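Input: a single structure, listed below in structure tokens.
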Amino acid sequence: MMMILEGLQDTVLSLWDWQNDMEVTRSTTGQSLLGGAFHPLEDDIIVTYGRQHLAFWLKDGNGALNRKDPLSAGRSGTNFLSMEFLSDGRLVTGNSRGFITVWGLSEDSGKVFFIQKEFKAHDGEVTALLPLPEGVLISGSSAIDQEGEIRVWDTSKKFAGLASAVLPTGSGGVTSLCPQKTVTNEWEVFVGTNKNVILEGSVMWALNPVVHGHCDDVRAMACHPDQPCFVTAGLDRYICKWEITSLIWKVQSDSECFSVTIHPHGSIVAVGDEHGDVTFLNMEDGLHVTTLPVTNNPLYTLKYSPDGDTLAVGCADGNIYLFQTHSNGYMYKIDFVLPGSVPILMLDWSVDGSHLQAVFTDNEYHDIAFWDLKRKEKIHTANQLKELEWYKPNCTLGYKINGMWNNKHIPEAVHVCCHVSNSKQLLAAGDKNGYIRLFRYPSTSDKAAYYEEKQCSTDVNVIQFLFDDNHLISTGGPDGAIFVWKLIPSNIV
330 MMMILEGLQD TVLSLWDWQN DMEVTRSTTG QSLLGGAFHP LEDDIIVTYG RQHLAFWLKD
390 GNGALNRKDP LSAGRSGTNF LSMEFLSDGR LVTGNSRGFI TVWGLSEDSG KVFFIQKEFK
450 AHDGEVTALL PLPEGVLISG SSAIDQEGEI RVWDTSKKFA GLASAVLPTG SGGVTSLCPQ
510 KTVTNEWEVF VGTNKNVILE GSVMWALNPV VHGHCDDVRA MACHPDQPCF VTAGLDRYIC
570 KWEITSLIWK VQSDSECFSV TIHPHGSIVA VGDEHGDVTF LNMEDGLHVT TLPVTNNPLY
630 TLKYSPDGDT LAVGCADGNI YLFQTHSNGY MYKIDFVLPG SVPILMLDWS VDGSHLQAVF
690 TDNEYHDIAF WDLKRKEKIH TANQLKELEW YKPNCTLGYK INGMWNNKHI PEAVHVCCHV
750 SNSKQLLAAG DKNGYIRLFR YPSTSDKAAY YEEKQCSTDV NVIQFLFDDN HLISTGGPDG
810 AIFVWKLIPS NIV
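With our numbering, the residue at position 88 of the sequence shown is 417, and numbering never jumps.
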């Protein structure tokens, strides 16, 4: 038998005979559930938990589910965030008030659960539970503006506390626990956190991070001009440098980050934030160099000119700010402003540095505009720019990438990001439904062939080739995911 929970708000519980692909029964809960499980010793009992919800479901001889709610009216506001069964069949739950509750099953025919013990386990929410075979229970907590905590309890001695440990600074709160070994006397575990960090170790000696990541939308990413590394920045206020899959450094910002670019010499990384500031970091170690106030609005895009002498900053106020750079990107001075009225989303420089193109939006449509930088004026007739070469282009509109828009194979696709390979042979694009596609470049035909993969169910935020075109990096989804794709030669024509 398989249990399925459907829906985030009004969750529906259904049971399936998975071997025969047949639904046995279903029931509407009317509440927001986080999880559930079959009782390990009683085939006809199911337990579900969630927001202001804890319920025991008894399956009768006809397969129907009968619900029993153990909470009294005075306890109805409790959120149950974790649940596990002990080896003897007792149920353990953790709630939002920091309490662990142990439930026993009565021996009468009514199969009624009752509270055997309840105790304050953590100051924060009890977000994870893990029973181990040697008779201990490990609990994990999460609290606002505090690091997570792990505690160990002796299940055979009235849940006496045995040990505790606080996660390292910056790790976040505990969301999941997993044993490293089947049997261990040192309680070795893996710990997952709400900052997308995975730690390994023991409560007895140390917990060390082994996997790092973002924990919110990664809105910005830039690849190094001549090394196999890239920088990401997101709404979680973290800026990270990666070498393929290894984290090199991680820096916390004071603001949500929307854009990032790397100086052509590879020495400086510039990050645009929600408050209109550009923060400059040393590419080698992530140390702060300087902060440049630009405006009071979010900076959605920024890009260095091919020679690195100018930084163009596209803003939500519709303006493009151009700064002269000196000392390989360590010093900046305002040059001039290209005025506008709707948010600038993307920027590209021409290879010779004489022109800019930018994609802008008013939330109803996207359009592209061009500027002659020598004259400091907008170009209203773009036909003369058809053959102009753009430097590492990422604007989603343009003559040479029409094949990803007016394509008969994918007429409904709405591409929200793209990038041309360094060899200028491939075009990578990401759409609003989480698909990434690889086209030949230039791509102008309405029958242009492509290769596609589905990476997530929401927008692909950014997509870029690494400097040698051997890998493609993409980001997308509110979970802070970063995807690294290995490019393999194929027969796309």
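Ideal Cβ placement from N, Cα and C applies to all residues, glycine included.
Nothing here was measured: the structure is a model prediction, and the numbers come from that model.
For residue i versus residue j, is the C-beta distance shorter than 8 Å?
i: lysine 707; j: valine 749; result: no
i: serine 493; j: valine 532; result: yes
i: valine 623; j: tyrosine 650; result: yes
i: isoleucine 467; j: leucine 420; result: no
i: tyrosine 629; j: proline 668; result: no
i: leucine 370; j: glycine 418; result: yes
i: leucine 528; j: leucine 496; result: yes
i: glycine 499; j: asparagine 523; result: no
i: aspartate 452; j: glycine 490; result: no
i: serine 679; j: leucine 640; result: no
i: leucine 616; j: isoleucine 568; result: no
i: valine 607; j: valine 580; result: no
i: isoleucine 802; j: methionine 550; result: yes
i: methionine 332; j: glycine 379; result: no
i: valine 431; j: phenylalanine 488; result: yes
i: cysteine 746; j: asparagine 790; result: yes
i: leucine 289; j: serine 588; result: Within the shown structure, residues of the chain are numbered from 330 to 822, placing residue 289 beyond reach of any answer.
Under a three-way DSSP split, which group does residue i fall into?
i: tyrosine 694; result: coil
i: glycine 828; result: No statement about residue 828 is possible, as the shown extent of the chain runs from 330 to 822 and does not include it.
i: tyrosine 633; result: strand
i: leucine 564; result: coil
i: tyrosine 659; result: coil
i: leucine 816; result: coil
i: serine 343; result: strand
i: isoleucine 739; result: coil
i: glycine 732; result: helix
i: leucine 334; result: strand
i: alanine 450; result: coil
i: glutamine 381; result: coil
i: alanine 393; result: coil
i: glutamine 445; result: strand
i: alanine 645; result: coil
i: glutamine 348; result: coil
i: leucine 714; result: helix
i: leucine 400; result: coil
i: valine 518; result: strand
i: glutamate 371; result: coil
If you draw a straight line from the alpha carbon of residue i to that of residue j, how long is it in whole angstroms?
i: threonine 804; j: threonine 574; result: 13 Å
i: glutamate 476; j: phenylalanine 796; result: 37 Å
i: valine 539; j: glutamine 509; result: 13 Å
i: lysine 446; j: leucine 415; result: 14 Å
i: glycine 530; j: glutamate 517; result: 5 Å
i: aspartate 691; j: glycine 336; result: 33 Å
i: lysine 761; j: glycine 727; result: 19 Å
i: cysteine 644; j: alanine 535; result: 45 Å
i: threonine 456; j: cysteine 785; result: 26 Å
i: tryptophan 578; j: leucine 394; result: 52 Å
i: leucine 344; j: glutamine 338; result: 19 Å
i: tyrosine 694; j: lysine 753; result: 28 Å
i: glutamate 585; j: leucine 564; result: 4 Å
i: proline 807; j: leucine 410; result: 21 Å
i: isoleucine 811; j: lysine 486; result: 45 Å
i: glutamine 653; j: glutamine 360; result: 57 Å
i: arginine 704; j: isoleucine 591; result: 27 Å
i: leucine 702; j: serine 683; result: 6 Å
i: valine 598; j: lysine 570; result: 10 Å
i: alanine 757; j: phenylalanine 442; result: 56 Å
i: tryptophan 482; j: leucine 363; result: 24 Å
i: valine 688; j: tyrosine 779; result: 24 Å
For residue i, count neighbouring C-beta atoms within 10 Å of its own C-beta (all shown protein chains included) and say buried if the count is 16 or more, exposed if not.
i: lysine 715; result: exposed
i: phenylalanine 448; result: exposed
i: isoleucine 821; result: Unreliable placement is indicated for isoleucine 821, whose pLDDT of 49 sits below 50; no coordinate value is reported for it.
i: arginine 396; result: exposed
i: threonine 561; result: buried
i: valine 813; result: exposed
i: aspartate 546; result: buried
i: proline 284; result: Coverage of the chain is limited to positions 330 through 822, which leaves residue 284 absent and any answer about it impossible.
i: proline 593; result: buried
i: valine 743; result: exposed
i: glutamine 793; result: buried
i: histidine 382; result: buried
i: threonine 377; result: buried
i: threonine 358; result: buried
i: asparagine 424; result: buried
Segments of 3+ residues assigned as beta strand (DSSP E) that fall wholly inside the region 759 to 788: The region 759 to 788 contains these whole beta strand (DSSP E) runs: 764 to 769 and 779 to 783.
Could you name each continuous beta strand (DSSP E) segment of 3 residues or more that falls completely within the region 532 to 620, going from the start of the chain to the end? 536 to 540, 549 to 552, 559 to 562, 567 to 572, 575 to 581, 586 to 591, 597 to 602 and 606 to 611
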